[in-house]
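Visitor:
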Amino acid sequence: MSAVFAVEFAFWQSTIFKLLLAFVAVLIPAGGTVYMYLFKMVSFMQSRLGPMEAGPYGSMQLLAEVGKWAQKEDIVPTNADRRVFVAAPYVVLISTFLLVLVVPFGPDAMFVNFDTGIFFALGVSSVSVIGILMAGWASASKYSLIGGLRAAGQLIAYELPLVLAVVGVVVQAGTLNMQGIVRAQIDGEIFGFGGLGNPYFFTQFIGLFIFLVAVQAELAQSPFDMPIAESELVSGYMTEYSGFRFLLFFIGEFATANIFAFLAATLFLGGWGIPPFIADLMFEAGHDHWAFNLIGPAVMLTKMLLITFVIYWVRFTYPRFREDQLQTFAWKFLIPLALVNIAVTGVLKVVF
Amino acid sequence: MTAVNDRRQMAYIAAQAADARVNLELEAEGMTLNIGPQHPATHGTLRLVVQLDGEQVIHADPVMGYMHRGYEKLTEVRTYPQVTTLINRIDWLGSFANEVPFILAAEQLMGIEAPPRAQWIRTILFELARIANVTLFLGDMGVQLGAVSPVFYAFRDREYILNQIESATGGRFHPNFDRIGGIKDDLPAGWIAETKSALKEIRDFCDEMEDLIVGNEIYEARTRGIGIIPADVGLSYGLTGANIRASGVDWDVRRDNPVGLAYDQVDWKVWTHPDGDSFARYWVRLQETRESCHIVEQLLDGLPAGPIMTKVPRIIKVPEGEAYIETENPLGVMGYYIVSQGGLEPFRVKIRSASFSNISITPWLLKGTYVPDVITILASLYFILGDIDR
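Heads up: the sequence lines are chains F and D, in that order. For the first sequence, my numbering gives the first residue as 2, with consecutive numbering after it. For the second sequence, my numbering gives the first residue as -13, with consecutive numbering after it.
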């Protein structure tokens, strides 16, 4: 990051810079997708217009909503375990912010370049389970309790297919480093033809499918939204939350959707890279040119929007599973499929 | 200072009491969950007290009466023509269907009969009310199971029918159109062609729902084998309408006892399903909506000419006597038992509404099911709160 403008920053300067950028990287895409998909696309799907009054085509609606939430009364139920109740949304949000740290947006544009980046990402993604359990238990509401327990069971069950889906990519790339995975896709070749690189959705399409299904479950979105199932549990673990704390959950939910889409883009769609023959036409240095620190985020954003489109499309189309059907689906279908995928990937890796 | 201390002490006592309550509940077997009176799944104020063991229902107890408006009593201080305004609000999604059995019972007591054209228009509006009602169910079932979009399509396409009801009667939701001895007005010009195109939209909607909901694997997994009502149990609980036809009982008042309505003049079929589960109830209602379109189209084609009102006195006095008329309403069999002692008002009216009987099976049906299935079963039984509580 510090090399972008060829200026050396002091550690504290770059820390503040990164902190601000982390907020930008989490909140701006979250707001964008909420407006584009949750407000508008879904409205068109459901033959209605969505917000139209606040700003042109309702584009300022989100600000209005945030303002509304921020000024709502701050309610903590009498029987709630106050400290845990208050802390829970922050724990959920922390997991979102930790996730974005390892996502590469360009050759140098990333927050932390861990050697075991994807491992870290999958680890911190389960921190949100703790927050959700905290919220479910501390609310002192039966709906919240059932929702929290459902969420815990579901999130733990779907952690496994998520990890196993990524293993295929890791085997193929030969590294756990996120930047390394992107590089492997950019430098890869399809039967000796390197013009397109080798984005892993060509070879790991089963992995991509499992990853997206597991992400849908991790985010507790339809068809896996039993933890918040409105028609059964009112709003699940979020039932007792209102105002700003609900907003935190809301941001957590939609920002995490984007970050997972970023991860999927990095793992399966070639990350911040564009087809190498275009990059070579643009710059002599190809993907190593410094300009990719600016092009990269835009490319990532585009790929993220593609994936979140699928996420929201599924979310507003399918009815939800029942709890036992969800577990059956994870343990009897997704996990065996992921294991087969890993085995086949391993064999092919040795063969080629 | 003392006030602060007092408040602290109060808070402490309250916290202790809350802890004790929680502990008591944790120690007791299972947990009592209050679904309702205000809950997103009950679209109204039905309260369901459910004893849970984990997520399994040990015992479910529907508590009714949160919306009781005392219609049976109120009818006793209304004149006969005034009653229809009131009873429009019983099943508010298919309002016109509520008026018909009452009017028919009053006509029977007075010994008059509406002219054929009025009967046919009554039947048409009756079926349109059924379509408007059941259309919403067809979309709402999706929303209860977590698919948000279908209910918006239902609201969109129901509007075609409501527009037709409005242009014929003047009331979109509460027509108040049926009169003793006939109907209020004749159909407006061009109404028949418009209605036919509206019915086409409803047929498209049914196809869409068949694709979107019936054809969905998750939907099928959620509803097949859930909430099975055997025919004998259903009959002993007084289930009627599509709920009992989905259990394989071939019984439809429209066909078996069409008093004062033109159902015997057209060619149609009663749909049944042998399974008796939630899927069957949805499927039967879907087929019935198509069948209703079929009925209305035939009625529109064969609409007889003639007067729409028979000769009735200016001030309606119903002679002494008793009459019970039931019709096949959107939610099931609805009947009015009218006792008249002569005079302007009925002496006593007993309203047999379908949802009240349909919901009474829930304690039997919900035993041993899981919380998500509770919602599926309630949604598939399809009740309307106004119809339960009256």
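We treat Cβ as the ideally placed atom computed from N, Cα and C, and that holds for glycine.
Would you mind telling me which residues of chain D sit closer than 9 angstroms to E74(F), beta carbon to beta carbon, in chain order?
Guide: Per Cβ cutoff of 9 angstroms: no residues; E74(F) is ~19 angstroms from chain D at best.
Visitor: Measure the alpha-carbon distance for V311(F) versus F210(F) and round it to whole angstroms.
Guide: Cα-Cα distance, rounded: 11 angstroms.
Visitor: How many Å lie between R7(D) and I133(F) at the Cα?
Guide: Going from the Cα of R7(D) to the Cα of I133(F) covers about 23 angstroms.
Visitor: Alpha carbons only, please: which of A365(D), E206(D) and I169(D) is nearest the one belonging to G292(D)?
Guide: Out of A365(D), E206(D) and I169(D), I169(D) has the C-alpha closest to the C-alpha of G292(D).
Visitor: Who are H45(D)'s beta bridge partners in DSSP?
Guide: H45(D) pairs with Q37(D).
Visitor: For the region 232 to 266 of chain F, list every residue whose C-beta sits within 7 angstroms of some C-beta in chain D, in sequence order.
Guide: Per Cβ criterion, the list reads S232, E233 and V235.
Visitor: For A339(F), which residues in chain D fall below 9 angstroms Cβ to Cβ?
Guide: None at all; the shortest Cβ gap to chain D is about 20 angstroms.
Visitor: Do we get a CB-CB distance below 8 angstroms when we pair M46(F) with the residues of chain D?
Guide: Answer yes: the Cβ-Cβ gap between M46(F) and chain D drops below 8 angstroms somewhere.
Visitor: In the DSSP assignment, the beta strand (DSSP E) including T318(F) goes from what residue to what residue?
Guide: Note, T318(F): premise wrong, no beta strand (DSSP E); not H, not E.
Visitor: Out of curiosity, what's the CA-to-CA distance linking P101(D) and I294(D)?
Guide: Going from the Cα of P101(D) to the Cα of I294(D) covers about 6 angstroms.
Visitor: Roughly how many angstroms separate the alpha carbons of V348(F) and I182(F), rounded to a whole number?
Guide: When rounded, the distance between both Cα atoms is 19 angstroms.
Visitor: Decide yes or no for the touch test of the region 310 to 323 of chain D against the region 124 to 139 of chain D: beta carbon pairs closer than 8 angstroms, at least 3 of them.
Guide: As far as the Cβ criterion goes, the region 310 to 323 of chain D does not touch the region 124 to 139 of chain D, which means the pair count is below three.
Visitor: Using the rule of at least 16 other Cβ atoms within 10 Å of the residue's Cβ for burial, across every protein chain shown, is G169(F) buried or exposed?
Guide: Buried, by the Cβ-count rule.
Visitor: Just by C-beta distance, which residues in the region 186 to 219 of chain D are closer than 7 angstroms to chain F?
Guide: The residues in question are N202, I204, Y205, A207 and R208.
Visitor: Might you give, ordered along the chain, the residues of its own chain that have their beta carbon closer than 8 angstroms to the beta carbon of K350(F), omitting 5 neighbours on each side?
Guide: Within the same chain, K350(F) has close Cβ partners V172 and Q173.
Visitor: Give the single residue among F106(F), T309(F) and F250(F) whose Cα lies nearest to the Cα of A23(F).
Guide: Among F106(F), T309(F) and F250(F), the Cα nearest to that of A23(F) is on F106(F).
Visitor: Among residues of its own chain, excluding the 5 on either side of I363(D), which ones have a beta-carbon nearer than 8 angstroms to its beta-carbon?
Guide: Answer for I363(D): I212, G213, S264, T348, L351, L352 and T355, listed in chain order.
Visitor: So, are the CB atoms of V304(D) and A92(D) less than 8 angstroms apart?
Guide: Yes, the pair counts as a contact, with Cβ atoms nearer than the cut-off.
Visitor: Can you tell me whether D164(D) sits near the ligand HEM, meaning its C-beta is under 7 angstroms from at least one heavy atom of the ligand?
Guide: By its list of ligands, the structure shown contains no ligand whatsoever, and the ligand HEM lies outside what it can speak to.
Visitor: What beta strand (DSSP E) runs, 3 residues minimum, are completely inside the region 97 to 134 of chain F?
Guide: Listed in chain order, there is nothing to give.
Visitor: For G212(F) and R208(D), I'd like the C-alpha separation in whole angstroms.
Guide: Per the sequence shown, residue 212(F) should be read as Phe rather than Gly. Distance between the alpha carbons of F212(F) and R208(D) is about 24 angstroms.
Visitor: Considering only C-alpha positions, which residue in the set V167(F), F112(F) and F278(F) is nearest to F194(F)?
Guide: Looking at the Cα atoms, F278(F) is the closest of the given residues.
Visitor: Using 10 angstroms around the beta-carbon of H288(F), count the other beta-carbons present and answer buried if the total reaches 16, otherwise exposed.
Guide: Buried is the call here.
Visitor: On the premise that T121(D) lies in contact with R158(D), defined as a C-beta separation below 8 angstroms, what is that separation, rounded to the nearest angstrom?
Guide: R158(D) to T121(D), Cβ: 14 angstroms. No contact.
Visitor: Compare the C-alpha of P299(D) against each of L330(D), D193(D) and L221(D) and name the closest.
Guide: Here the closest residue by C-alpha is L330(D).
Visitor: Beta-carbon separation of Q205(F) and G272(F) under 8 angstroms?
Guide: Not in contact: Q205(F) and G272(F) (Cβ atoms no closer than 8 angstroms).
Visitor: Answer yes if the region 311 to 324 of chain F comes into contact with the region 227 to 235 of chain F, meaning at least three C-beta pairs across the two stretches below 8 angstroms, and no otherwise.
Guide: With the cut-off at 8 angstroms, the region 227 to 235 of chain F and the region 311 to 324 of chain F touch.
Visitor: For G227(D) and G220(D), I'd like the C-alpha separation in whole angstroms.
Guide: For G227(D) and G220(D), the distance between alpha carbons rounds to 11 angstroms.
Visitor: My output table needs one value for L19(D): the three-state DSSP class, helix, strand or coil.
Guide: Here L19(D) sits in strand by DSSP.
Visitor: Should Q150(D) be labelled buried (16 or more other beta-carbon atoms within 10 Å of its own) or exposed?
Guide: Buried: at least 16 other Cβ atoms inside 10 Å.
Visitor: Rounded to whole angstroms, what is the Cα-Cα separation between V35(F) and E283(D)?
Guide: Each residue's alpha carbon lies about 45 angstroms from the other.
Visitor: Does R323(F) have its Cβ less than 8 angstroms from a Cβ in chain D?
Guide: Cβ-Cβ to chain D under 8 angstroms: yes for R323(F).
Visitor: Leaving out five residues on either side along the sequence, give the residues of the same chain with a beta carbon under 8 angstroms from the beta carbon of G262(D).
Guide: So the list reads I214, I215, P216, A217, G220, A232, S233 and G234, once near-sequence residues are dropped.
Visitor: What does L32(D) touch in chain F if you count any residue whose Cβ is under 7 angstroms from its own?
Guide: Those do not exist, as L32(D) stays about 13 angstroms from chain F at its closest Cβ, beyond 7 angstroms.
Visitor: According to DSSP, simplified to helix, strand and coil, what is F265(D)?
Guide: Three-state DSSP puts F265(D) in a helix.
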